[in-house]
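Participant: Note that the UniProt record's numbering has the sequence shown beginning at 1, numbered continuously upward.
By construction, the Cβ of each residue, glycine as well, lies at the ideal position given by its N, Cα and C atoms.
As the structure is a prediction and not an experimental result, all values here were calculated from the model.
Structure in C-alpha cells, see below.
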Amino acid sequence: MYHHHKNGSLERRAQASNGDIATTNATNGTVGASNSNSNSITRLLGNPRIDHMPDNYEDLPLDFNPLVFTSLERHLPSHILTLSRDLKAHYMSNILLRYLPHSERVRMQKQKEYRLKIILNYPPLHKEIYTMLSENFFAPSFLRAIKDNTEASFRSIMAEPSRGIYTFEIFQPHFCEMLISEVDHFERWVHETKFRIMRPNTMNQYGAVLDDFGLESMLDKLMNDFIRPIARVFFSEIGGSTLDSHHGFAVEYGANRDVELGFHVDDAEVTLNICLGTQFSGGELFFRGVRCDEHVNTETQSGEVFDYPHVPGHAVLHSGRHRHGARPTISGNRINLILWCRSSAFREIKKYQREFPSWCGECRRKKKERERIAVAATKAELLKRELKSAS
Ligand SMILES: [Zn+2]
C-alpha cells in the first residue's frame with residue numbers, strides 16, 4: 001500500500017485508479033478537465049456583472065424558473081454572453097441540469113421526448129387556444145380584476161363560501177366550448193392512432209394532460225399572469241407568490257368516464273379547478289379542511305365541511321393541501337380543467353421549518369388546545385395561592 005512511501009503516494013494513487021479519469025484528475029488538481037462540458041462551468045464568473053442587463057426568459061419553454069436564467073446570465077463568460085437568447089438559455093439549462101439528481105434528469109428527458117412525439121404528430125383542432133389571448137379567453141369581470149391587481153378588485157369578483165376556498169367566474173362560454181372540443185379531438189386522435197398516453201394522475205382513468213399536447217406555454221401564462229397575482233394575496237403563507245411550475249390537465253366524468261373521485265390532497269401548493277361544462281347533475285366537490293403531511297388523516301372539524309356544486313365557466317381556487325373529493329356525476333358529462341400550481345421555493349423552505357404550519361386546521365386546533373390547558377393550569381395555580389393566603 002502507498003502509505004509506506006511518503007513521496008511515492010501520489011503516483012501510486014494515480015496508478016491505483018488507472019482508468020478512473022475523475023480520480024486521476026483530482027490528484028492532479030484539475031477536476032473535470034477531461035470533460036469539456038464540466039470544464040465550461042469553471043469559466044462562469046464568480047461575481048455577477050452588475051452593469052449587465054440580462055434578457056427576459058419568461059416566454060421560453062424552459063425546465064427551470066425563468067428568473068433563475070435572468071440571474072445566472074450575469075455570471076456567463078463573455079463569449080457566451082454575446083450569443084442569442086436561445087443559445088444562452090440552452091447553455092444555462094445544461095449547467096442547471098447537472099445539479100439535478102440523475103433520476104430526475106432521466107425523467108425530464110423522457111417527458112421531453114414524449115411531448116415532442118405527440119406535438120409533432122397531433123393536429124390541433126383550434127390553433128387559437130394554444131397562445132394566450134386573454135380578451136378571447138377570460139370573462140370581462142375577471143380581466144378587470146386582474147388588471148386592477150388589488151385585494152379589493154379580486155374580492156369584488158369572488159366568493160369565499162368557506163375559509164380558504166375562492167370561487168369566481170373566469171372563462172367565456174365560447175372558450176370553454178373550444179377547450180372541450182380540443183380535448184375530445186385529442187382523445188379521438190389517441191384512440192385512432194392507438195397512441196399510448198399517460199393519464200393526468202394516479203386517480204383519474206380518463207382525462208388528458210394538456211401540457212403534453214401543446215398547451216404548456218399557454219397554461220404557464222395562465223398561472224404566471226393571472227393566477228399568481230391572486231395567489232400572492234390569498235395564499236402567501238403556502239408559496240402563493242412564488243408559484244413557478246404547473247401540471248395542467250382535463251378530467252372527464254360521466255357515462256363511459258370516471259364517475260367520482262376519492263378523498264385526497266393535490267401535489268400542488270395552489271389548485272385551480274375550472275368547470276368547462278357541459279350538461280350534468282351531481283359531481284359536487286366536497287372539502288374537509290386543510291392539513292399538513294402529518295395530519296392528513298385526522299378528523300374533520302365542524303367548520304370544515306363544505307360542498308361546492310360546479311358552475312360551467314367558474315373556477316374554484318384552493319390550497320392543494322385542502323382535502324377534497326368529487327361526488328358521483330349522476331347524469332350527463334362534466335369536464336374540468338385542473339391546474340396544479342407549485343412553488344419550488346416553498347417546498348425547499350418547508351424542509352427546514354420546525355414550527356407548526358399555521359395553515360393546517362389540526363395544527364391550529366392542537367395549538368389552541370395547548371393554550372387552553374395552559375390558561376386553565378395558571379388559573380388553578382392562582383386559585384390555590386389565594387386559598388392558601390386566605391387560610
Ligand atoms: Zn398539522
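Would you mind working out which of 279, 373 and 260 sits nearest residue 328, comparing C-alpha positions?
Facilitator: Minimum Cα distance to residue 328 is reached at 260.
Participant: Pull up the distance between the alpha-carbon of residue 139 and that of residue 203, whole angstroms please.
Facilitator: Approximately 31 Å, taken between the alpha carbons.
Participant: So is residue 229 buried or exposed if we call it buried at 16+ other beta carbons inside 10 Å?
Facilitator: It counts as buried.
Participant: Considering only heavy atoms of ligand 1, does any lie closer than 6 Å to the CB of residue 369?
Facilitator: No; taking the cut-off as 6 Å, the Cβ of residue 369 has no heavy atom of ligand 1 nearer than that.
Participant: Are three or more beta carbon pairs between the stretch 278-294 and the stretch 214-234 nearer than 8 Å?
Facilitator: With the cut-off at 8 Å, the stretch 278-294 and the stretch 214-234 do not touch.
Participant: Using only alpha-carbon positions, find the residue among 182, 117, 60 and 71 that is nearest to residue 46.
Facilitator: Nearest option by C-alpha distance: 71.
Participant: Assign residue 193 to buried or exposed, taking buried as 16 or more other Cβ atoms, counted over all protein chains shown, within 10 Å of its Cβ.
Facilitator: Burial call: exposed.
Participant: Between 222, 296, 330 and 308, which has its C-alpha nearest residue 322's C-alpha?
Facilitator: Ranking 222, 296, 330 and 308 by Cα distance to residue 322 puts 296 first.
Participant: Do you know whose CA, among 176, 268, 137 and 86, lies nearest residue 62's CA?
Facilitator: Checked all of 176, 268, 137 and 86; the closest Cα to residue 62 is 86.
Participant: Using the Cα positions of residue 347 and residue 320, report the straight-line distance between them to the nearest angstrom.
Facilitator: Looking at the two C-alpha atoms, the distance is approximately 13 Å.
Participant: Applying the 10 Å Cβ sphere with the 16-neighbour rule, what's the burial state of residue 377?
Facilitator: Exposed, by the Cβ-count rule.
Participant: Name the DSSP beta bridge partners of residue 319, please?
Facilitator: Answer is 270, bridged to residue 319.
Participant: Could you tell me the distance, in whole angstroms, from the CA atom of residue 344 to the CA atom of residue 59?
Facilitator: Looking at the two C-alpha atoms, the distance is approximately 19 Å.
Participant: Over what stretch of residues does the beta strand (DSSP E) that includes residue 69 continue unbroken?
Facilitator: Where residue 69 is concerned, there is no enclosing beta strand (DSSP E), although the alpha helix (DSSP H) it sits in stretches over 66-73.
Participant: Mind checking residue 44: buried by the 16 CB within 10 Å criterion, or exposed?
Facilitator: With fewer than 16 other Cβ atoms within 10 Å, it is exposed.
Participant: Just to check my reading of the structure: residue 358 and residue 237 have Cβ atoms closer than 8 Å, yes? What is that Cβ distance to the nearest angstrom?
Facilitator: Between residue 237 and residue 358 the Cβ distance is about 7 Å, and since that is below 8 Å, they are a contact.
Participant: Specify the secondary structure class of residue 412 as computed by DSSP and reduced to three states.
Facilitator: Because residue 412 is not part of the residues shown, which for the chain are 1 to 391, the question remains open.
Participant: List the whole-angstrom C-beta distance separating residue 334 from residue 254, where the pair is believed to meet the contact cut-off of C-beta under 8 Å.
Facilitator: Residue 334 to residue 254, Cβ: 6 Å. Contact.
Participant: At 3 residues or longer, what runs of the beta strand (DSSP E) sit wholly inside the stretch 302-349?
Facilitator: Counting whole runs of 3 or more residues, the stretch 302-349 contains the beta strand (DSSP E) stretches 305-308, 314-319, 322-326 and 329-342.
Participant: Within the continuous beta strand (DSSP E) that includes residue 166, where are the two ends?
Facilitator: Residue 166 -> beta strand (DSSP E) spans 165-169.
Participant: Looking at C-alpha atoms only, which residue of 102, 101 and 76 is the closest neighbour of residue 90?
Facilitator: That would be 76, whose Cα lies nearest to the Cα of residue 90.
Participant: Pull up the distance between the alpha-carbon of residue 105 and that of residue 97, whole angstroms please.
Facilitator: So the alpha carbons of these two residues sit roughly 7 Å apart.
Participant: Between which two residues does the alpha helix (DSSP H) containing residue 154 stretch?
Facilitator: From DSSP, the alpha helix (DSSP H) with residue 154 extends over 151-157.
Participant: Check whether the stretch 114-121 and the stretch 289-309 are in contact - that is, three or more C-beta pairs closer than 8 Å.
Facilitator: Result no; under three Cβ-Cβ pairs closer than 8 Å.
Participant: For residue 153, which residues of its own chain have a beta-carbon under 6 Å away from its beta-carbon, when the five flanking residues on both sides are left out?
Facilitator: Answer for residue 153: 145, listed in chain order.
Participant: So, for residue 211: in the same chain, excluding its five sequence neighbours on each side, which residues have a beta-carbon less than 8 Å away from its beta-carbon?
Facilitator: Same-chain partners within the cutoff: 115, 219, 246, 247, 248 and 249.
Participant: Between which two residues does the alpha helix (DSSP H) harbouring residue 99 extend?
Facilitator: First-last for residue 99: undefined, no H or E at that position.
Participant: Between residue 298 and residue 362, how many whole angstroms is the CB-CB distance? I'm expecting something under 8 Å.
Facilitator: With a Cβ gap of about 4 Å, residue 298 and residue 362 count as contacting.
Participant: So, is residue 309 buried or exposed, given that buried needs 16 or more other C-beta atoms within 10 angstroms?
Facilitator: Residue 309 should be labelled exposed.
Participant: Would the C-beta of residue 322 count as close to ligand 1, meaning under 6 Å from any of its heavy atoms?
Facilitator: Because no heavy atom of ligand 1 lies under 6 Å away, the Cβ of residue 322 does not count as near it: no.
Participant: Would you please state the rounded distance, in angstroms, between the beta carbons of residue 269 and residue 243? I believe it to be under 8 Å.
Facilitator: Yes, they are in contact, since the Cβ atoms of residue 269 and residue 243 sit about 7 Å apart, within 8 Å.
Participant: Under DSSP, the beta strand (DSSP E) around residue 286 begins and ends at which residues?
Facilitator: Segment 285-290, the beta strand (DSSP E) holding residue 286.
Participant: What does the alpha-carbon distance come out to for the pair residue 169 and residue 339?
Facilitator: Going by the C-alpha atoms only, they are around 16 Å apart.
Participant: Taking buried to mean at least 16 other C-beta atoms within 10 Å of its own C-beta, is residue 371 buried or exposed?
Facilitator: The residue in question, residue 371, is exposed, as its Cβ has fewer than 16 Cβ neighbours within 10 Å.
Participant: So is residue 148 buried or exposed if we call it buried at 16+ other beta carbons inside 10 Å?
Facilitator: Exposed.
Participant: Would the C-beta of residue 304 count as close to ligand 1, meaning under 6 Å from any of its heavy atoms?
Facilitator: Checking the Cβ of residue 304 against ligand 1 gives no.
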